Amino acid sequence: MDVAGVRYELPDGRVLLDDVSFRVGEGAKVALVGANGAGKTTLLRIITGDLAPHAGVVTRSGGLGVMRQDVKAGLGEDPTVADLLRSVAPPRVRAAADEVDRLELALMDTDDEPTQMRYAEALAEYADAGGYDLEVTWDVVTTAALGTSYERARHRSLSTLSGGEQKRLVLESLLSGPDEVLLLDEPDNYLDVPGKIWLEQRLRASDKTVLMISHDRELLDNTATRVVTVELGFAGNSVWTHPGGFSSYHQARQDRFARFEEMRKRWDEEHAKLKALVLRLKVKAEFNDGMAAAYKAAQTRLRKFEEAGPPTEQPREQQVQMRLKGGRTGKRAVVCEQLELTGLMRPFDLEVWYGERVAVLGSNGSGKSHFLRLLAAGGSDPDVGNRPVGEDPIAPVAHTGSARLGARVRPGWFVQTHDHPELVGRTLLEILHRGDGHPDGRQGMGREQAARVLDRYELAASGEQTFESLSGGQQARFQILLLELSGATLLLLDEPTDNLDVQSAEALEEGLTAYEGTVLAVTHDRWFARGFDRFLVYGADGEVYESDGPVWDEGRVQRAR
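Okay, so the sequence shown: first residue is 1 according to my numbering, each after it adds one.
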């Protein structure tokens with residue numbers, strides 16, 4: 001696949017992508033990374049043909065299989081497993097299947113010979129297109145992803161499947177199907193860690209050519225053979241290709257930026273020398289006619305040097321600066337005694353000391369988010385000093401036993417779903433201007449100060465947007481900003497890196513390193529979990545236990561239904 005000189009302009013005339021060129025070799029596994037909103041998904045839509053570029057061309061060989069961020073998009077009301085698998089089949093198979101369906105309905109109304117003939121022709125075309133061969137593949141796919149045959153699963157509604165099961169179906173189908181080139185937009189979203197490990201193994205074993213967008217650094221490190229970065233530019237974003245894997249990507253990027261600085265420094269020094277030479281020769285030429293020729297030659301040299309211009313301008317780096325402060329609290333920040341989340345996990349004891357970093361691990365549905373919500377409300381019977389920061393009341397969590405917060409521990413909660421009804425309909429500047437209404441909470445600030453704070457989080461351009469209109473990554477960054485301003489001394493983070501681009505996730509890690517307080521984080525991000533020193537695991541048997549390192553293979557909790 002070759003992308004050459006692609007340019008794309010937004011409806012308001014701004015240039016989003018400019019002179020984008022890169023190549024994906026046969027069998028390569030290429031990661032497409034960059035800041036939220038840099039144009040990665042737009043570039044993928046140009047490659048698939050959904051969008052037409054304003055300049056440049058895209059060429060490719062082999063069939064193209066596409067997995068979009070929302071795998072259900074465009075499938076109509078109440079789509080089925082069969083609809084989903086068809087949506088990622090080759091175009092000829094899709095068209096033939098649609099014609100078979102149309103003529104089956106027609107036969108119900110008019111069962112005459114011409115309709116029967118057209119139906120027979122449609123079945124023959126479906127066979128020639130490889131539809132029946134693909135149904136054999138789909139049988140393998142549904143057995144692997146859902147544990148049942150295609151014939152039994154085909155009419156099952158997608159609404160009965162989790163997001164991870166839907167993703168797994170599409171990935172199984174594309175990786176087992178006939179298309180040689182795959183475009184995957186955030187394939188790891190909604191997958192738990194065993195699912196991500198499965199995806200890594202399948203990608204490494206596959207001969208297919210893959211271009212994928214992902215923010216999961218562990219997945220990128222384990223699969224990508226090269227990394228294409230969409231870099232922020234002042235007159236349109238461009239791309240840079242790192243020819244190695246993700247493990248060497250950061251050092252290569254730093255070396256590249258250092259070369260840009262060195263080249264610009266040398267150009268500026270040479271420019272200053274030439275201007276000084278022209279000035280010296282000008283003075284001499286005024287008193288000595290013999291120096292006129294040298295003066296003109298120096299002028300010509302300076303003019304040509306300036307016409308050639310400085311070296312390529314260094315791309316603008318996304319500069320997210322999180323200044324999480326915290327504060328000193330009692331030695332015991334969290335104490336749980338025989339705490340049982342009703343209907344979820346068995347009773348457990350826990351002590352978390354001031355300054356500790358605790359990762360809460362386990363499968364989806366095991367009760368991890370409920371545990372954070374209980375602590376976010378201040379525990380079982382919160383003191384006035386443990387009142388949570390934020391404006392929205394927190395729903396109670398049914399439990400027995402007790403969970404207590406220590407002296408001066410004020411919890412700040414990052415919600416996985418970004419579900420903040422108190423922020424809906426308000427612009428970011430309005431939210432910051434008003435404060436949270438509590439005398440010892442987040443204080444309101446003037447427009448100029450609010451704009452500066454938003455700029456630190458790369459949100460200055462979105463100040464007049466309402467919270468719900470932001471992308472998932474922007475909402476995540478704004479939530480962290482509110483925690484920074486709230487004065488929380490206990491951070492309760494529920495999947496904080498899920499929607500953050502690589503640079504924002506690294507900025508969060510740096511902010512947590514400098515944070516003077518206690519952190520509990522629910523996460524499936526293996527790279528992010530490396531920065532924690534304690535690991536609380538919600539086991540498949542209903543027990544909650546501590547481990548020396550991260551545990552990623554716990555299955556779903558088995559409960560009586």
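Glycine included, C-beta positions come from ideal geometry on N, C-alpha and C. From a predicted model like this one, the values you see are computed outputs, not experimental measurements.
Excluding residues up to 5 positions away in sequence, W552 lie with their Cβ nearer than 8 Å to the Cβ of I197 in the same chain. By the Cβ rule, the region 130-141 counts as touching the region 167-177, because three or more pairs are nearer than 8 Å.
Each residue's CA atom was taken as its position, placing V193 and T110 some 52 Å apart. Taken through DSSP and simplified to helix, strand or coil, K284 comes out as helix. Boundaries of the alpha helix (DSSP H) harbouring V170: 163-176, taken from the DSSP string. Going by C-alpha positions, D128 is about 15 Å away from D98. Below 8 Å, too few C-beta pairs join the region 530-538 and the region 174-191 to call them touching: fewer than three.
Annotation for T229: no alpha helix (DSSP H) segment contains it, though the beta strand (DSSP E) segment containing it runs 226-231. Rounded to whole angstroms, the separation of the alpha carbons of G355 and R92 is 59 Å. Going by DSSP, H420 is part of no beta strand (DSSP E) at all; its letter is neither H nor E. Here C336 is not near A407, since their CB atoms are 8 Å or more apart.
Per DSSP, the beta bridge partners of R332 are W353. Bounds of any alpha helix (DSSP H) do not take in K29; it lies within the beta strand (DSSP E) bounded by 29-34. Assignment of P411 by DSSP, reduced to helix, strand and coil, places it in the strand class. Per DSSP, the unbroken beta strand (DSSP E) holding W240 starts and ends at 238-242.
Separation of E261 and L279 (C-alpha to C-alpha, rounded to the nearest whole angstrom) is 27 Å. Closest in alpha carbon position to E458, among Q443, A476, M445, is A476.
A distance of 8 Å or more separates the beta carbons of A514 and F528. Per DSSP, G245 has no beta bridge partner at all. Looking at the DSSP output, G549 bridges to nothing.
Residue state for A205 is assigned as helix, using DSSP reduced to three classes. Every beta strand (DSSP E) stretch that sits fully inside the region 473-515 and reaches 3 residues is listed by chain position as 490-494. Counting C-beta pairs closer than 8 Å gives three or more between the region 228-242 and the region 33-40, which meets the contact rule. Assigned with DSSP and collapsed to three states, D216 falls in coil, not helix or strand.
Note that the region 443-453 does not touch the region 369-377; fewer than 3 beta-carbon pairs, one per stretch, sit closer than 8 Å. With a cut-off of 8 Å on Cβ pairs, the region 77-85 is in contact with the region 159-171, counting three or more such pairs. Approximately 6 Å separates the beta-carbon atoms of L274 and F305; this is inside 8 Å, confirming the contact. Counted as a single uninterrupted DSSP element, the beta strand (DSSP E) harbouring M67 occupies residues 64-67. DSSP lists V15 as the bridge partner or partners of E9. Between the C-alpha atoms of P243 and R217 there is a straight-line separation of about 17 Å.
The continuous alpha helix (DSSP H) containing Y132 extends over residues 131-146.
Per DSSP, the beta-bridge partners of D185 are I213.
The count of Cβ pairs closer than 8 Å, one atom from the region 203-211 and one from the region 19-33, reaches three, so the stretches are in contact.
Contact check for G62 against V181 passes: the beta carbons are separated by less than 8 Å. About 7 Å separates the beta carbons of S159 and D78, which is inside the 8 Å limit, making them a contact pair. A direct Cα-Cα distance of roughly 38 Å separates H399 from Q503.
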